[in-house]
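According to the working numbering, the sequence shown holds residues 50 to 161 in order.
This report concerns only the one structure given below.
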Amino acid sequence: MKIHISGHHVEITEGIKQSIENKFAKISKHYPSIMALNSTITVETHQQKVEISTNYEGVNISVKASDKKLYAAIASAAKKLQVALARRKGMLSAKFNEKFIVEQSDQYQLAS
Numbered sequence: 050m051k052i053h054i055s056g057h058h059v060e061i062t063e064g065i066k067q068s069i070e071n072k073f074a075k076i077s078k079h080y081p082s083i084m085a086l087n088s089t090i091t092v093e094t095h096q097q098k099v100e101i102s103t104n105y106e107g108v109n110i111s112v113k114a115s116d117k118k119l120y121a122a123i124a125s126a127a128k129k130l131q132v133a134l135a136r137r138k139g140m141l142s143a144k145f146n147e148k149f150i151v152e153q154s155d156q157y158q159l160a161s
């Protein structure tokens, strides 16, 4: 899985890259069809914001997290992405398990 990291008003250090790659390595094991993650790190006054977006099974999934500490924001974004992917995976499996609805007709009556 390719991880694209960009930063606004922040320098992307090797430690930040390692943290992001370690957090999202678990996700790539559970969801091998994800080819790329786009992550944007933004620093504002007293806030570190992380936005992660990806394409999973034809649907764009995007999550945002913010915290005072950058590494906490990265961990929060990873958890949110995992929840969003699990929700989407559940929707896909539910389509295959649709039950047929049997309608009753008044046209036929049982003979007694």
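The beta-carbon is built from N, C-alpha and C at its ideal position, and this holds for glycine as well.
Going by beta-carbon coordinates alone, are isoleucine 90 and methionine 50 separated by less than 8 Å?
no
Backbone secondary structure at lysine 98 - three-state DSSP:
strand
Less than 8 Å between the CB atoms is what I'm expecting for isoleucine 110 and lysine 72, so what's the real figure, rounded?
Actually they do not touch by this definition, with Cβ atoms about 16 Å apart.
Exposed or buried, which one is valine 132 when buried takes at least 16 other CB atoms within 10 Å?
exposed
Quick one: what's histidine 57 bridged to in DSSP?
Thr91
Exposure label - isoleucine 101; buried when at least 16 CB within 10 Å:
buried
Alanine 135: which of Leu86, Glu106, Ser68 and Ile52 sits nearest, CA to CA?
Glu106
How would you call glutamine 96, buried or exposed, if buried means at least 16 neighbouring beta carbons within 10 angstroms?
exposed
Helix, strand or coil: which one does DSSP assign to isoleucine 83?
coil
Rounded to whole angstroms, what is the Cα-Cα separation between leucine 86 and lysine 138?
17 Å
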